[in-house]
Structure formats: C-alpha cells, structure tokens
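A.B. asks: For reference, the structure I am asking about is given below.
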Amino acid sequence: MRTDTRIMSIDRLRRHFVLMVAAGVGAILLAGCDLGVLDPGTIEYDDLFEPQAIQPLVIGAERNLGRAVSGGTSPHGGIFGAGAHLTDELVHSGQWVGIRDWSNAVVVPNDVAETVTRWAHAQNARVAAEDAAEIIRNVLERQGQNPDASVPVATSFLWAGFSSRVLADAFCTAVIDGGEELPVSAMYQHAEGHFTDVIAIAGAAGESQLVTAAYAGRAQVRMMLGNWDGAVADAGQVPIDFVHDIRMSSNSTTEYNGLSVAFLEHAQSTVWGTPFAQYGTDVSSAVETDGDPRVTFASRLEDGSVEIGGDGRRENWRPQKYPSRDSNHPIVKGTEMRLIEAEAALVAGDIGGAMSGVNAVRSHHGLDDVSADSQNEAWYLLQRERGIELWVEGRRLPDMRRWADTPGFADFDVVRLEAPGDQPIENDEVRNVLDNPMGELCLPISQDERNSNPNIDP
C-alpha cells in the first residue's frame with residue numbers, strides 16, 4: 000500500500016469533519032442508519048468511527064461526486080455542464096450569464112458563483128471520499144479486520160480517484176489539501192495512486208466490478224499523462240460492455256441529475272448550433288440528421304412548434320441524454336477503453352489499428368464500419384466517435400486540450416457569440432471549437448481557494 004499523501008492522520012480527518020457532515024447527511028438518511036442522534040447535522044465526530052457509519056460514508060462519497068458533476072437542482076449543470084458549453088457539445092439558450100460566457104468563449108472570472116461552486120463541490124467530493132476511506136480503515140482496524148481487503152475502503156478510494164480525475168479534467172491548475180498551486184498532472188497522478196490502491200484492495204476482497212472500474216479510471220488518467228503504454232495495458236483489462244455509473248436519484252435535491260434538470264426542466268441548453276445536431280437523432284423528426292442513436296434531441300415540442308430558449312432568441316433543441324432526475328451518470332465505460340486503444344494506435348501512426356478500435360465501438364452499437372485514407376481523416380473520425388460515444392459525460396473538455404497538442408487540430412465548429420443587432424440566429428458567430436480565449440479550455444480555481452490558502456497567490 001502507498002504511504003504518500005493518501006494516508007491521513009486523525010487530526011486531518013477532524014479538520015475535514017465539517018465538510019464530511021455537510022456532504023453526508025443525505026447519505027446517512029438515505030441509508031436508513033441510526034447513529035443515535037435525531038439531527039444528522041449534530042452528529043458527534045466520534046460517532047463516525049462506528050461500524051454503522053460505514054455504509055453512509057460510502058454512499059456519501061458517491062453522492063458528493065454526483066453533485067459535483069451534475070449540479071443537483073441548479074440549472075447550471077455542474078462540471079459536466081460547464082465542459083459541454085466550453086466545448087462543442089451544447090450551446091447556451093438560457094439566461095445564466097456565466098454559462099453564456101462559457102458558451103460564447105468569453106473568460107469567466109474565478110470569483111463568480113459558476114466557478115466557485117464547481118471548485119468547492121469537486122474538492123469536497125475528493126476530500127470526503129478520501130476521509131471516508133480513512134475513517135472506515137480506522138473502524139476496521141479497531142475491530143481486528145483487514146482494511147486492505149475491504150470493499151467499503153476500496154469503494155471510497157474509487158470515488159476519490161474519480162473525483163480527482165474530474166478536478167484535473169475541468170480545472171486549469173491543481174491544489175491538494177491547502178498546498179501550493181500545481182499543474183493538473185499532479186491531480187492526475189493523485190487519481191492514479193487511488194486507482195492503483197483500489198486494484199489491490201478490491202482485488203484482495205474479490206470485488207471484480209471495482210477492480211475493473213479502477214483499471215478503467217487509471218487508463219483515463221494515464222492517457223491524460225501521456226503514458227499511452229500504461230493506458231493501453233489498463234484499457235485491455237476492461238470489456239467493451241463494462242459501465243460504472245454515479246447513481247443519481249430523485250430522493251433528495253442534491254441527488255438529482257442536474258443535467259436533466261437543466262435540459263428538460265429549464266430551457267438552458269440546446270443542441271442547435273453544435274456539430275452533434277447533425278450527428279444525432281432528432282426524436283421529433285423535424286430535422287434531417289445522421290441518426291446516431293447515442294445522441295438524441297428534440298428540436299420541436301410535442302405539438303410540433305419550435306421552442307425558444309430562455310434567452311428569447313435561440314431555438315431550444317432539448318438534449319435527451321438524461322431523461323429524468325434519476326438518470327445515472329456514466330463515469331467510465333468499456334467503449335471508451337477501445338477508443339483509448341484506438342487513439343494510442345493513431346498517435347503511433349497506425350491508421351488501421353485506430354480504425355479497428357473505432358469500429359469495435361460502432362459494431363457494439365450495431366453501426367456500420369468507417370474507414371480512413373489519411374492521418375487527418377483518421378483523427379477526425381476518432382475525435383467524432385469519442386464525441387458521440389461520450390457526449391455530455393465530462394470527457395470532451397480534456398479531450399480538446401489533449402487534441403490541441405496532438406494532432407494539433409479538432410475539425411469541429413460551434414456557434415459562439417450572438418450576431419449583433421436584430422440579425423437572425425443563423426448569423427450567430429461560428430468558431431472552431433479550439434478557438435477559445437479561455438486558452439487551455441479549462442476553469443480557473445476559485446477565488447475562495449486563493450483567499451483562504453496561504454500557499455498560493457491571492
């Protein structure tokens with residue numbers, strides 16, 4: 000087992016206890032556990048170090064990550080929503096200024112709610128999951144049980160790994176536990192360590208689902224670290240039909256799939272103006288599309304009329320990706336593993352190998368094969384396939400940053416700024432997805448972190 004920054008003292012757990020209680024109250028109630036108190040907000044610190052607290056802590060770790068990526072009842076759409084608007088997955092059609100700025104490719108300050116809440120929720124998810132694992136470890140050790148073969152410990156560290164990966168995917172720099180500002184590679188390495196631990200702990204416990212999820216998560220972060228050999232080796236451990244979800248629920252507002260809320264309960268996000276409008280299937284059959292079943296949207300209401308978004312301007316073509324508040328968020332899939340293998344082949348110049356991976360995914364969905372006659376064509380098909388397969392799953396933002404370096408282009412255009420004056424929406428400005436003044440296509444760390452952390456510049 001590792002002995003680096005993952006291992007936390009009881010003093011550190013005590014310092015983070017307030018965060019954990021705030022995050023885990025809903026989980027404690029949902030789990031139906033009785034910790035001997037009437038008000039979960041007043042749970043004594045020492046009560047967490049009891050066997051009956053284990054299940055709520057594990058559930059709370061998952062719930063925190065769900066809130067971070069999805070946003071709960073907020074129509075902001077969480078981190079996944081931010082990435083979708085920053086790239087080419089969605090165009091903003093509502094009234095939220097911060098989201099409109101992302102969609103317009105305008106720099107969003109680090110002191111606005113859209114940035115502050117995303118940083119806070121994502122860091123809280125990471126810290127709460129890491130602390131849950133250490134509390135559970137302490138409980139098991141006091142009972143004479145082996146924490147290094149514990150499913151609850153492995154599960155908590157798995158959520159810590161994915162929370163760390165999400166932080167690295169979304170933000171421009173990394174901060175770990177009040178330390179200095181670091182490159183995002185440090186957070187990817189942090190996630191890699193957690194996934195490595197899960198493979199060992201869950202393997203000892205005989206929990207194959209967790210082992211496979213950890214191999215898949217480690218493949219994701221090794222790809223972002225440029226370790227293609229390691230990424231391919233890990234991806235090879237994951238079957239194509241594997242899926243590991245963050246479970247969402249309508250039981251409480253913090254558990255809602257916030258992207259479903261944003262898409263279907265608020266007129267905030269549209270597929271209009273994105274390349275996915277052509278790739279996908281319009282379920283209202285009003286627009287001619289390529290008909291890929293992985294991208295569905297409705298360009299018309301049930302009565303056949305066009306819906307205008309909350310901005311009073313853009314047509315609101317509602318994404319159908321997450322049809323209800325209970326829709327789960329896939330955090331890693333076997334199909335992505337085949338696309339990691341395909342991209343590794345293409346980085347090495349192997350067009351045939353790349354197309355083999357792409358077509359494995361297409362065959363899995365009953366779709367026809369594609370072929371490429373050049374490196375550029377192969378890159379386009381690979382990028383398009385990843386975009387469709389992982390649409391609004393939080394993967395497009397780090398993909399675009401990676402592709403800005405290798406191969407150096409992404410041939411996708413998206414509507415950005417609205418046209419001046421009274422011009423129709425058809426004249427709204429269209430840009431290449433990489434043409435974004437936010438630079439590396441990422442969110443800044445929040446001003447709250449800068450104000451409270453003495454180790455980074457304010």
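Note that the sequence shown covers residues 0 to 457 in numbering that gives the first Met the number 0. We treat Cβ as the ideally placed atom computed from N, Cα and C, and that holds for glycine.
#1: Is it buried or exposed, Q267, if we count other Cβ atoms within 10 angstroms and call 16 or more buried?
#2: Using DSSP with H/G/I as helix, E/B as strand and the rest coil, what is V57?
#3: Assign S285 to one of two classes, buried (16 or more other C-beta atoms within 10 Å of its C-beta) or exposed (fewer than that).
#4: Quick one: which unbroken beta strand (DSSP E) runs of 3-plus residues sit fully inside the stretch 251 to 302? Chain order, please.
#5: When you compare each of W101, V96, V107 and L139 to Q54 by their alpha carbons, which one comes out closest?
#6: Of the choices Q122, S102, A52 and A83, whose alpha-carbon is the least far from that of I444?
#7: Going by the DSSP bridge assignment, what does A173 pair with across the sheet?
#8: Does DSSP put I200 in a helix, in a strand, or in coil?
#9: Short of 6 Å in beta carbon distance, which residues of its chain neighbour A190, apart from the five on each side in sequence? Order them along the chain.
#10: Give the C-beta separation of E428 and R312 to the nearest angstrom, bearing in mind that I take them to be a contact with Cβ-Cβ under 8 Å.
#11: Confirm, please, whether the CB-CB distance from R415 to R401 is below 7 Å.
#12: Tell me whether L224 sits in a helix, a strand or coil according to DSSP, three-state version.
#13: In angstroms, rounded to a whole number, what distance separates the CA positions of R246 and Q374?
#14: At 4 residues or longer, what runs of the alpha helix (DSSP H) sit wholly inside the stretch 373 to 421?
#15: Under 7 Å, do T269 and V282 count as touching if we go by C-beta distance?
#16: Name the residue from S323, A230 and A212 whose alpha carbon lies nearest to the alpha carbon of A218.
#17: Is the stretch 130 to 145 touching the stretch 88 to 95 in the sense that three or more CB pairs, one from each, lie closer than 8 Å?
#18: Would A148 and V197 be called neighbours here (beta carbons separated by less than 7 Å)?
#19: Smallest Cα separation from E264: which of D291, G309, V242 and V237?
#20: Determine the DSSP secondary structure at I455, reduced to helix, strand or coil.
#21: Indicate whether A353 and L345 have their beta-carbon atoms separated by less than 7 Å.
#22: For the candidate residues Q446, L381 and V331, whose alpha-carbon lies nearest to that of P406?
#23: Once you ignore the five residues that flank V413 on each side, which residues in its own chain have a CB closer than 6 Å to its CB?
#24: Could you check what DSSP says for P423 in three-state terms: helix, strand or coil?
#25: Candidates D110, R136 and R66: which alpha carbon is nearest F48's?
#26: Which value, in whole angstroms, describes the spacing of the CA atoms of V304 and M399?
#27: Rounded to the nearest angstrom, how far is the Cβ of A215 from that of V331, given a contact under 8 Å?
#28: I need the DSSP call for E88, collapsed to helix, strand or coil.
#29: Less than 8 Å between C-beta atoms, sequence neighbours within five positions excluded: which residues of the same chain meet that for A377?
#30: So if DSSP puts E314 in a beta bridge, which residue, or which two residues, is it bridged to?
#31: Answer yes or no: do G59 and G70 have a C-beta to C-beta separation smaller than 7 Å?
C.D. replies: This is what the structure holds:
#1: Translated into positions along the sequence shown, residue 267 becomes position 268. Burial call: buried.
#2: If you number the sequence shown from 1, residue 57 lands on position 58. V57 falls in the helix class under three-state DSSP.
#3: On the sequence shown, residue 285 is found 286 positions in, with the first residue counted as 1. Per the sequence shown, residue 285 should be read as Ala rather than Ser. Looking at its Cβ environment, which holds fewer than 16 other Cβ atoms inside 10 Å, A285 is exposed.
#4: 295 to 297
#5: For this step, residue 54 is matched to residue 55 along the sequence shown. Q54 has its Cα closest to that of L139, out of W101, V96, V107 and L139.
#6: One-based indexing of the sequence shown puts residue 444 at position 445. Cα-wise, what sits closest to I444 is Q122.
#7: Taking the sequence shown and counting its residues from 1, one reaches residue 173 at position 174. Beta-bridge pairing links A173 to L181.
#8: For the purposes of this step, residue 200 is identified with residue 201 of the sequence shown, where counting begins at 1. Helix.
#9: Position 191 of the sequence shown, counting from 1, holds the residue named residue 190. G160, S163, R164 and V220, listed in sequence order.
#10: Working through the sequence shown from its first residue, we reach residue 428 at position 429. Working through the sequence shown from its first residue, we reach residue 312 at position 313. About 13 Å separates the two Cβ atoms, so there is no contact after all.
#11: Taking the sequence shown and counting its residues from 1, one reaches residue 401 at position 402. Taking the sequence shown and counting its residues from 1, one reaches residue 415 at position 416. No, they are not a contact pair.
#12: Numbered from its first residue, the sequence shown carries residue 224 at position 225. L224: coil per DSSP, three-state reduction.
#13: If you number the sequence shown from 1, residue 246 lands on position 247. If you number the sequence shown from 1, residue 374 lands on position 375. The straight-line gap from Cα to Cα measures roughly 39 Å.
#14: With a minimum length of 4 residues, the unbroken runs of alpha helix (DSSP H) contained wholly in the stretch 373 to 421 fall at 374 to 388 and 395 to 404.
#15: In the sequence shown, residue 269 corresponds to position 270, counting from 1. In the sequence shown, residue 282 corresponds to position 283, counting from 1. No, they are not a contact pair.
#16: Within the sequence shown, the letter at position 219 stands for residue 218. It is A230.
#17: no
#18: Position 149 of the sequence shown, counting from 1, holds the residue named residue 148. Position 198 of the sequence shown, counting from 1, holds the residue named residue 197. No, the pair does not count as a contact, with Cβ atoms beyond the cut-off.
#19: Walking along the sequence shown from the start, residue 264 turns up at place 265. Measuring from the Cα of E264, the nearest candidate turns out to be G309.
#20: Numbered from its first residue, the sequence shown carries residue 455 at position 456. I455 sits in coil when the DSSP states are folded into three classes, being neither helix nor strand.
#21: In the sequence shown, counting from the first residue as 1, residue 353 sits at position 354. In the sequence shown, counting from the first residue as 1, residue 345 sits at position 346. For A353 and L345, yes; Cβs fall inside 7 Å.
#22: If you number the sequence shown from 1, residue 406 lands on position 407. Out of Q446, L381 and V331, L381 has the C-alpha closest to the C-alpha of P406.
#23: Sequence index remark: in the sequence shown, residue 413 carries index 414 (1-based). Once the five neighbours on either side are set aside, the close Cβ partners of V413 are D87, T273 and V432.
#24: Numbered from 1 along the sequence shown, position 424 holds the residue referred to as residue 423. Coil at P423, not helix or strand.
#25: Position 49 of the sequence shown, counting from 1, holds the residue named residue 48. Checked all of D110, R136 and R66; the closest Cα to F48 is R136.
#26: The count along the sequence shown starts at 1 and reaches residue 304 at position 305. The count along the sequence shown starts at 1 and reaches residue 399 at position 400. A small correction: the amino acid at residue 304 is Ser; Val does not occupy that position in the sequence shown. Here the C-alpha atom of S304 lies approximately 35 Å from the C-alpha atom of M399.
#27: Locating residue 215 in the sequence shown gives position 216, where the first residue counts as 1. Locating residue 331 in the sequence shown gives position 332, where the first residue counts as 1. Confirmed, about 4 Å.
#28: Taking the first residue of the sequence shown as 1, we reach residue 88 at position 89. If DSSP states are grouped into helix, strand and coil, E88 belongs with coil.
#29: Start at 1 with the first residue of the sequence shown, and residue 377 comes out as number 378. Here the set comprises L345, I350, A353, M354 and A371.
#30: Here residue 314 is taken as the residue at index 315 of the sequence shown, counted from 1. E314 pairs with I307.
#31: Within the sequence shown, the letter at position 60 stands for residue 59. Within the sequence shown, the letter at position 71 stands for residue 70. Contact flag unset, no.
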